[in-house]
Structures are given as structure tokens and as C-alpha cells.
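Only one structure is covered here, and it is reproduced in the block below.
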Amino acid sequence: MLHAIFEPGFFSSGPVHVALAAGGVVALVSGIVGSFTVIRGQSYAGHALADISVTGGSASFLVGISPLWGFVGVGVLAAGVMDTIGIQRPRGRDLATGIVRGAGLGLAALFLYWDTTHSNVTGATITILFGSLFTISSSILPAIVALSVAAVAIVAVLYRPLLLSTVAADLAAARGVSVRLVGLLSLTAIALAVSLSAMTIGTILSTALLIGPAAIGLRLSSRPGLAMAWSALAGLAATWLGVLLAYDSFYWPPARHGWPVSFFVVTLIFVAYVAVQGFTTRVRRA
Amino acid sequence: MAGPGDLLDVDRVSLRLSGRKILDDVTFSLGPGEFAGLIGSNGAGKTTLLRVILGLQAPSAGTVRVAGQPRTRRGSLIGYVPQKILLDPDMPLRARDLVGLGLDGQRLGIPLPSARRRRLVDEMLDAVGADRFGDTRVGLLSGGEQQRVLIAHALISRPRLLLLDEPLANLDIASEQDVVELLGRVAREQQIAVLISAHDMNPLLPFMDRIVYMAAGRAASGTTAEVVRPEVLSALYGQHVDVIRVHDRILVVAGRGAELAGAEGLAVPSATPVIHEDA
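Pasting the structure below:
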């Protein structure tokens, strides 16, 4: 019975260990930071930061460093530029996000072209866009954990001022909170979270890991802390289950090459969201 | 006019922003237990004055003292209720969470649950009549209910001065009455000064100890009988206005031809409710 679920070698495979560790840590970060992203109405900013990290990822292949540093470097830089242009103003928000996203993707187009034509990196585009959870080198694991701790630390330290300035910026400012600084730091945390999940499930799908579990969490609890815990748990469950299914899928049709893990993670999140949405709606009506 | 026991002392405050005079030599003070209305039409300078008192905007001239303290370190002395909050019904934040943020929302780190914290929040929800919906998400509450929760949020840190920016806007008449009564009671019982901005003075008339009437950045303050007179208000507006009392309501009417105050182009408070009043 157990063999039908865990195909042979799942627990002894090195890449699976790294995938479970890196994927798990990143899912927890995305779940926690994502909750604040959704609460603060910055889903578009999160999406844009994920797109922009393509620029960093594609550049990293050209200079021969781990894509992690490309994702993180460009992501954090973009967060700073977005803040400078004026993301803190309600009307400047979409504009700042859109401009920076456009510029970033323009560069990404150039770098990806060079990646595929001038250098000998095969599969760079697929790796950047759709992730490479099973090929993450265990040597990069400590860096992933350190950046994850940094991202969670930012939102944990700013927990109360973040909530307060979300309710009303003036309310926080009247209490001496620097709303601008809090905004910049939270955007930095979002940049870190999407850069990290760009490593595991890819730049295109990292928004799904940021927003999906958070949406599940805030359906399940009215308390901010508890909603974040549910969100982190949902992200973790989807990622681990996704790794398992992807591993098992090496034995599946059509080609016995395995299905991409990113597909499983994102699909599981979506199915869970629909289920939770249907369930909570029914409970509220009853 | 200012005395040593004053909780709020606004002294000759002026503010110029890009050449325009937003506030022009505003002076008034409030003592403990005083419930005051900051009355004026849109653009009269009410919100700007509140921002100056809060310390969010520095005045070009003049001083503001709260319980004798200058601009710095004023935060914990003032409770503030902003004009409106826009919270999605999906936002996981219960009424009691928002009230709890009033206790220590500016602090860093995650708050630890404690019996004392819970008791304080319960007491405050009870005091503003919000105990029924303490566990409901703020985004799901009605305008009047949200107003109560925001008042509890502002009061829980025991401020000496409570500022409210248009708390009656978007409230139905029954909730309007409830909120004003609640604030009058809070001022008396806790001996704090309450300053509430509104474009219509009428809902506040039965409770107001003092009126601060603003027009074109200037202000006149005193009791309603002292301030709401044709001579005083005409000087404030810089044009002749009449004051008409109908039943228990006061109408401020532009001089020429006795047009209703709400008429376009005249910077006088809206008097629309009167039109529908029973004769």
C-alpha cells in the first residue's frame, strides 16, 4: 500500500532531501510574507517582483553565479526602485509597479536571448521560468535558509506597525510609525519571498505560492496570526505533496520522464483554495 | 485664554502650503472633560488643523501643546480616529485585534497574548458598546460599528485628547446620535478633551461645550451662543451671512437673497437636512 504512494527510493534520494528542505522552507516564507502581501493589497507588486526576478535569474547564467543571487539581487533592487517612484501613494502604486516591471522584463528578454544564443547553458529559460527544485545544489541550501529567516524576521518585527498602517496610514503615523520605512521593508520582504520561490517553483509560478496559500489562510481564520499559520501550513503541504507526486510521476505516462514539480504545487494550491472557499461559504450560510 | 490646566492649546497657528494659506492664525484651547466641535465646510482647513495637532504636519507659525507637551513625544497623549478606513471583508482582523493595536500598535515584534491584555480589550469593547461584535472581522462591520471600534482603538491607551475626523460622515441618523452621545459621555467620565470635526454642527449641538468654527483657514471659538452669530461668522467668511434657528437646528445662510447655506460657490456648511424637516 505504502509503495503505491511512495515510489521506490523516495526517502533515500539526495535530490529529494534537498527538494523537501528547500521547498519546505521557501513555502513557509511565502505563506507568511504572502499573507501580508494579500492583506496590504500588494498582490500586483508581488507579481511584478516575481516577473522582474527573471532579469536577475537570466543575468546570473551569463556571469556564471547561482540564479539565487540574481533573483534576490534584482528583486530587492526593484523593490527599492518601486518605493522611490512612489508605491506608497495609492495612485502611484500601479504606475510605479508597472513601469519597473516593464523595464525589468525588457532586460530579461535581452538576457534570455543571450543565454540561449551566446552561452552554452541549456535549459536556462526553463529553469528560470519554471523552477528546478530537483536540481538545487545542496551547497546553496544555507543561503536559502538565511534569506528565508531574514524575510520572516522583517514581517515578524514589523507585525504590529504593518497591520496598523494597513488599516489606515495616518493611524500608524500618528503613533510615530514611519509608514514609508515600514512600506519599503515589507516590499523588501516580498521581494525576498518571491526570489526564493523563483528558485524552487520558478519565476512564473512564484506568485501562486505567494498569493494562493495566503488566500486559503484568510478564509480559514479571522485572526491575523492564525491566518498566517494556516497559510504557511497550506504552502508547506502543497510543496511537499508536490515533490512526492513529481517523484512518483517518473513512473507515469506519457514519457516516463516525470512531470514538473511546479505543476503539482500550483495545482494543489488551487484545488485546496477552491475546496476551502466552497466549504467556508457553506459554513457561513448555514 | 490658555490656562495651565488645558489639554489642548492651539496658539496662533498658521500654515502656508505652496503659497496658499491653509490655516490663518488659529487660536483656541480645550480643558479636561470638554467636548468640542470643529465645524466648517470642505476645504475650510479642518483636516489640516487635525494633522497639525497630531504632529503629522508642522505649522509655518504658532505652537500646539497637548497637555503642556510640545510637538515631539505627543503620540501617546492623543487618541485619533481617522475619517475612513477601507478594509476588505476578507482581511483577517477582528474588532478586538484592532482595539488591541490601540494598546501597542507602534511597537515592534509579535504581541504575546496575556490575560491583562485581553481584559483591557474586553473592557474597552464593552465601554463603547462593541462587545457584541468583538470577534467579527472589521471589514464586515457597518459604518457605525467600525466607528465604535476605532473609538475603542483610540481610547484604550488612555489618551488625554481625542481627535476624530468627520466621524459622523456616512452614518445613518440613529448611529450618528449614538456615536455623539458616546463621545460626550467619554469626555465627561474620563475627563479628557474631545475634538470632533464635522461639516454640520446640528447633530453635535446638544452635547457641544465649545465650538471651533472654521472658514477659509480662520477659526472662531467659544460657546455656540458666542460664536454662531451673524457678526462673528460674517467676519470669518469675509462676507455677510445670516444665522437662522429653526426648531432646534441652526442654519448658516449666505447673506444676499437668503440662499440656503449648502448652495454651490459659498463656503458655508451644508444645511440640507433642514429642507426635509417637518413644518
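Protein sequences, first through last, are from chains S and A. Each residue of the first sequence is one higher than the last, beginning at 6 in the numbering used here. Each residue of the second sequence is one higher than the last, beginning at 1193 in the numbering used here. Note that beta-carbon positions come from the ideal geometry of N, C-alpha and C, so glycine has one too. Everything numeric in this text was worked out from a predicted model, so none of it was measured.
With 16 other CB atoms within 10 Å as the buried threshold, where does residue i fall?
i, result
"A:Asp-1357", "buried"
"S:Ala-194", "buried"
"S:Val-276", "exposed"
"A:Leu-1304", "exposed"
"S:Ala-114", "exposed"
"A:Ala-1253", "exposed"
"S:Phe-255", "exposed"
"S:Tyr-353", "Outside the shown range of chain S (6 to 291) lies residue 353 of chain S, about which nothing can therefore be said."
"A:Ser-1334", "exposed"
"A:Gly-1449", "Residue placement at A:Gly-1449 cannot be trusted, given a pLDDT of 45 that sits under 50; the coordinates are not used to answer."
"A:Glu-1381", "exposed"
"S:Ile-70", "exposed"
"S:Phe-76", "buried"
"S:Pro-302", "Within the shown structure, residues of chain S are numbered from 6 to 291, placing residue 302 of chain S beyond reach of any answer."
"A:Glu-1418", "exposed"
For residue i, which residues in chain S fall below 9 Å Cβ to Cβ?
i, result
"A:Tyr-1429", "Result: empty, since nearest Cβ-Cβ is about 29 Å, beyond 9 Å."
"A:Ile-1302", "Ala-161, Val-162, Tyr-164, Arg-165 and Gly-230"
"A:Ile-1277", "Val-172, Ala-173 and Leu-176"
"A:Leu-1246", "Asp-175, Ala-178 and Ala-179"
Please confirm whether residue i has its beta-carbon closer than 8 Å to some beta-carbon of chain S.
i, result
"A:Gly-1449", "Caution is warranted here: a pLDDT of 45 is assigned to A:Gly-1449, below 50, making its placement in the model unreliable, and no coordinate value can be reported."
"A:Leu-1285", "yes"
"A:Leu-1443", "no"
"A:Leu-1317", "no"
"A:Ile-1343", "no"
"A:Asp-1201", "no"
"A:Val-1205", "no"
Hey, is residue i's beta-carbon within less than 8 Å of any beta-carbon in chain A?
i, result
"S:Leu-146", "no"
"S:Ser-58", "no"
"S:Ile-216", "no"
"S:Ile-44", "yes"
"S:Ser-227", "yes"
Give the interface partners of residue i over in chain S, defined as CB-CB distance under 7 Å, in chain order.
i, result
"A:Pro-1274", "Ala-173, Asp-175 and Leu-176"
"A:Leu-1209", "Those do not exist, as A:Leu-1209 stays about 17 Å from chain S at its closest Cβ, beyond 7 Å."
"A:Arg-1329", "Ser-227"
My understanding is that residue i touches residue j, with C-beta atoms under 8 Å, so please give their C-beta distance in whole angstroms.
i, j, result
"S:Leu-190", "S:Ile-159", "5 Å"
"S:Val-34", "S:Ser-153", "4 Å"
"S:Ile-377", "S:Ala-83", "Residue 377 of chain S falls outside the range modelled here, since chain S spans only 6 to 291, and no answer is possible."
"S:Ala-156", "S:Leu-197", "4 Å"
"S:Leu-223", "S:Ala-232", "5 Å"
"S:Ser-267", "S:Ile-221", "No, S:Ser-267 and S:Ile-221 are not in contact; Cβ-Cβ is about 18 Å, not under 8 Å."
"A:Asp-1217", "A:Ser-1206", "6 Å"
"A:Ala-1379", "A:Leu-1200", "No, A:Ala-1379 and A:Leu-1200 are not in contact; Cβ-Cβ is about 12 Å, not under 8 Å."
"A:Val-1420", "A:Ile-1403", "7 Å"
"A:Gly-1294", "A:Ile-1348", "4 Å"
"A:Gly-1271", "S:Leu-169", "Not quite, the Cβ-Cβ distance comes to about 14 Å (not below 8 Å), so this is no contact."
"S:Gly-62", "S:Thr-212", "Actually they are not in contact, since the Cβ atoms of S:Gly-62 and S:Thr-212 sit about 15 Å apart, beyond 8 Å."
List the residues of chain A whose Cβ lies closer than 8 Å to the Cβ of residue i, in chain order.
i, result
"S:Leu-169", "Leu-1293, Gly-1297 and Gln-1298"
"S:Leu-223", "Asp-1282, Met-1283 and Pro-1284"
Just the chain S side, please: which residues come within less than 8 Å of residue i by C-beta, in chain order?
i, result
"A:Ile-1384", "Going along chain S, no residue has its Cβ under 8 Å from A:Ile-1384, so there is no contact; the nearest lies around 16 Å."
"A:Ile-1472", "Nothing about residue 1472 of chain A can be read from this structure; chain A reaches only from 1193 to 1471."
"A:Asp-1289", "Leu-168, Arg-228 and Pro-229"
Just checking: is the beta-carbon of residue i within a distance shorter than 8 Å of some beta-carbon in chain C?
i, result
"A:Asp-1323", "This model lacks chain C altogether; the protein chains it does include are S and A."
Sorry if obvious, but does the Cβ on residue i come closer than 7 Å to a heavy atom of the ligand PLP?
i, result
"S:Leu-250", "For the ligand PLP, the structure offers nothing, since it holds no ligand at all."
Enumerated in chain order, which unbroken segments of the alpha helix (DSSP H) with a length of 4 residues or greater are wholly contained in the region 1267 to 1353 of chain A?
-> 1287 to 1296, 1307 to 1319 and 1335 to 1347
Inside the region 205 to 276 of chain S only - alpha helix (DSSP H) runs reaching at least 4 residues = 211 to 225 and 229 to 253
In chain order, each beta strand (DSSP E) run of at least 3 residues that lies wholly inside the region 1354 to 1409 of chain A = 1385 to 1390 and 1402 to 1407
Ordered list of alpha helix (DSSP H) runs contained in the region 59 to 119 of chain S, each at least 4 residues = 72 to 90
Taking only runs that begin and end inside the region 119 to 176 of chain S, name each unbroken alpha helix (DSSP H) of 4 or more residues, in chain order.
-> 129 to 135, 146 to 162 and 164 to 172
Could you give the uninterrupted runs of the beta strand (DSSP E) lying entirely in the region 1194 to 1226 of chain A, keeping only those of 3 residues or more?
-> 1200 to 1209 and 1212 to 1222
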